[in-house]
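Residue numbers (the working numbering), protein chains in the order written: chain A, 1 to 826; chain B, 1001 to 1116.
The structure is reproduced here in structure tokens:
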């Protein structure tokens, strides 16, 4: 079982090991390099010159300080101490001097690195511009060795008993030369080796190797010139010229690194040759040889380094310009690519452009995140990842991981990864990436809007398609802009429906929907045009149309289209079923009305018999009197003629009664004619005259002589008056006989309305019954069917009238109805 | 003869005249009752359904005045036959009726014979 807390402790240890990995690496590299440099330097040192001809340790330290962050400088210097001591284990010099020399070495490197940093330069850009190279030359190649050599010479003089100025001079030139040639090589190799390795074996590398081999061969050939040939001859001039050409070549073609390496190679060969006293270094004394060689090489190294830096600077500027132009051209194409781009291609195009951008900018990934409007979270929508790169997630937006561009727009975020070449993102690219982000955001926002619009259109189309009524939408010019499927099922035939599609005219719509060349079609067309023009607010029409399976009925309604551009919506419904039901209902009503008329007649049988018996009595008595008069001698012919005249009158009277009866009992179709309402009332009053007599009811008729003619069905109006009169008389069964009276009045309310009232002296209407008396099957009579008043109401309403009842303040009830004068039925 | 119907009055008066019977006609019961001050009929032909005083009202008033007038009631309705006959009623005649029936009834009424 593990002890509690073991796991955190292990984690802490692991983190510590991880954190210590980089410093350990630095210490190891510095120790090895400094030791090796010291051994080489000591190897190239020969008496009587105390300092070395070429002293790499200081250059190595300077390069390390330039490459490392300032916080590692102490570690680097501390790491150099054991290497310094180790390299001097076999040295005869006293320890104090060894330590003093370490201090002066360190001071030189510190001065060089600190001043370079102070002036704002770093290792990465130290040799790619003339100004930077100048600063390096001044600091590392002059100031640092110049200043530190005083201390070094003092130490050597005091602690080692050496000649002060000789030490100063030798050390200054040796260290200056080493710094000028070795530091660029180390710094540039450290900074660029990854890129070179990635580039592999290319022409530039082959060229560099070729130039370097050329320098080595020419340099060795110079040393191999046999002794005895004294002075500068033509034979000597050629290798020198070649060597110089190769050095210039290296500066021009291979950059500061190649140039420095070339000079360093020449330097090593020359110093080696000088040390061995080989020609051409055997003319002067060794000390003079070395000094002149150092001065010569410094003189060569400085302009070559400047030249290489200048060319590097120009090349870089050109490349930067070219790259910027390429990038701007790409941005221009990118912006053009999204103009008028259909929304269904936006995603694919963005993916393609993310890849192009990523590859061009050498980002290891590019991703777009959408800011969700609902929960304000970022959702990845598009991404491109370089081969082998890390897949970006939301954590890519943390920002703390690397200094990569992160563009925020209204749509969301466009994020880039680290650059694959290891270089930082150039600041001048950022505004352009902001433009790119805006282009993407615009395209995606437009796509969202178009998708939303399309979805909305789809919903509307689905609604239109699911309607069972036909719908045609017309624009301001009366042309069809939308039409649904149901419309095509309501036409007279498939062929006719084919003509009415989007773009069809108002005339075609009417020709399709309505009977051709009919009054309906003309009315509908004019009404649609009026609705579109804003003259009418709406229009509705019901019309029949012949069809294969018999007549069909349709209802057309036209409403203005509720949008600023105007237009109209025409809807079409098949109302055949409804019409059929209406017809059936009307038929039923008709039959019911007839039935109630017949049953009312049944109630009137006794009074009708009485009514008929009067003329029949007269006829019979007159006829028999005439016979008797004719049998007398002489016959009274005048009296006989009077009898016959009276017979004719009585017969007519009986005929009238039968006509009225037949009218009420017949079962004919409704037929509206121009009629005199007063005549209708009079007829009915005559019909019920006998009944009133039997009931002891006095009927008073008060008719307005100025009543206009009505457009109505005679029998139906007779039935209304009959029902109301019978109702009035029946209401008075409990009234004393002397008070039983009915007053029926007609009057003209206005030019279009007539009013009829029937006033009785009965029991009146109960308060709670006022609303119900016109309902079907409502009755207060034990043997009543409750249909009389209901039928009266349906007839009056069919004649655009109203019926109502109220109690008479002086007793009894008053029933009223109005009728519209109306126009004859079409 | 009392009947509110003019055609009935005229035709019956003409029939009776043709049979040598003298008839005076009245349009209402009240008119007849008023005439009793001048003359008294041998026989009364009385309609039953009339506005104002009905036939039965007239008979009631005759009884009230203790006047016994042989009366032939003429009516359009069969149902009244079932009603209790008033004093003096000779017969009911249902309209329309044959002339010889009426004349026979009148003759019987005038002779004082009871109704069959």
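C-beta atoms are modelled at their ideal positions from N, C-alpha and C, and glycine is treated no differently.
Bear in mind that the values here come from a model prediction, so they are computed numbers and not experimental data.
Query: Residue 622(A) versus chain B: which residues are under 7 Å apart at the beta carbon?; Result: 1011 and 1014
Query: Is the Cβ-Cβ distance between residue 469(A) and residue 443(A) less than 8 Å?; Result: no
Query: If I'm right that residue 822(A) touches residue 799(A) with Cβ under 8 Å, what's the distance once you round it to whole angstroms?; Result: 7 Å
Query: Should residue 735(A) be flagged as near chain B, meaning a C-beta pair shorter than 8 Å?; Result: no
Query: For a test of the three-state rule: what should DSSP assign to residue 543(A), helix, strand or coil?; Result: strand
Query: Throw me the rounded Cβ distance for the residue 148(A) and residue 104(A) pair, which I believe falls under 8 Å.; Result: 5 Å
Query: Does residue 588(A) come within less than 8 Å of chain B when only Cβ atoms are used?; Result: no
Query: Along the chain, where does the beta strand (DSSP E) containing residue 764(A) start, and where does it finish?; Result: Neither: residue 764(A) is in no beta strand (DSSP E) and is coded neither H nor E.
Query: So which residues on chain B does residue 628(A) lean against when the C-beta distance must stay under 8 Å?; Result: 1015, 1018, 1019 and 1099
Query: List the residues of chain B that residue 614(A) touches, going by C-beta distances under 8 Å, in chain order.; Result: 1005, 1007, 1008, 1076 and 1095
Query: List, in chain order, every chain B residue whose beta-carbon is nearer than 8 Å to that of residue 643(A).; Result: 1011 and 1014
Query: Looking at the unbroken alpha helix (DSSP H) that takes in residue 339(A), where does it start and where does it end?; Result: Taken as a continuous stretch (DSSP letters only), residue 339(A) belongs to no alpha helix (DSSP H), as it is neither H nor E.
Query: Excluding five sequence neighbours on each side, which residues of the same chain lie with their C-beta closer than 8 Å to the C-beta of residue 592(A)?; Result: 787 and 791
Query: What does residue 1049(B) reach in chain A if we use C-beta pairs closer than 7 Å?; Result: 610, 693 and 694
Query: DSSP has residue 702(A) in a bridge; who is on the other side?; Result: 745(A)
Query: Mind the definition here: the segment 697–711 of chain A touches the segment 620–629 of chain A only if three or more C-beta pairs lie below 8 Å; say whether that holds.; Result: no
Query: Applying the criterion that 16 or more other CB atoms from any shown protein chain within 10 Å of the CB defines a buried residue, is residue 532(A) buried or exposed?; Result: buried
Query: Using the C-alpha atoms, what's the distance from residue 431(A) back to residue 257(A)?; Result: 33 Å
Query: Give me the chain B residues within the contact set of residue 625(A), using Cβ-Cβ distance strictly less than 7 Å, ordered along the chain.; Result: 1011, 1014, 1015 and 1018
Query: Distance cutoff 8 Å, beta carbons only. Does residue 742(A) sit that close to anything in chain B?; Result: no
Query: Taking the CB atoms as reference points, tell me whether residue 19(A) and residue 97(A) lie closer together than 8 Å.; Result: no
Query: Of all the options 128(A), 693(A) and 108(A), which has the alpha carbon lying nearest to the alpha carbon of residue 611(A)?; Result: 693(A)
Query: Leaving aside the five residues before and after residue 173(A) along the sequence, list all residues of the same chain whose C-beta is less than 6 Å from its C-beta, in chain order.; Result: 294
Query: For residue 298(A), count the other beta carbons within 10 Å of its own beta carbon; 16 or more makes it buried, fewer makes it exposed. Which is it?; Result: buried
Query: According to the neighbour-count rule (16 or more other Cβ atoms, all chains shown, within 10 Å of its Cβ), is residue 554(A) buried or exposed?; Result: buried
Query: Nearest to residue 122(A) by CA position, among 170(A), 435(A), 184(A) and 440(A), is which residue?; Result: 184(A)
Query: Should residue 650(A) be flagged as near chain B, meaning a C-beta pair shorter than 8 Å?; Result: yes
Query: At least one CB of chain A closer than 8 Å to the CB of residue 1104(B): is that the case?; Result: no
Query: Does the ligand PLP have a heavy atom nearer than 7 Å to the CB of residue 563(A)?; Result: This structure simply doesn't include the ligand PLP, nor any ligand for that matter.
Query: What does the Cβ neighbour count give for residue 581(A), buried or exposed, with the cut at 16 atoms within 10 Å?; Result: exposed
Query: Flag residue 764(A) as yes if its beta-carbon sits less than 8 Å from any beta-carbon of chain B, otherwise no.; Result: no
Query: I'd like to know if residue 646(A) contacts chain B, where contact means its C-beta is closer than 8 Å to some C-beta of that chain.; Result: yes
Query: State whether the segment 244–254 of chain A contacts the segment 299–314 of chain A, with contact taken as three or more CB pairs (one from each stretch) at a distance under 8 Å.; Result: yes
Query: Can you tell me where the beta strand (DSSP E) with residue 672(A) in it begins and where it stops?; Result: 672–675
Query: Would you tell me roughly how many angstroms separate the C-alpha atoms of residue 528(A) and residue 539(A), rounded to the nearest one?; Result: 8 Å
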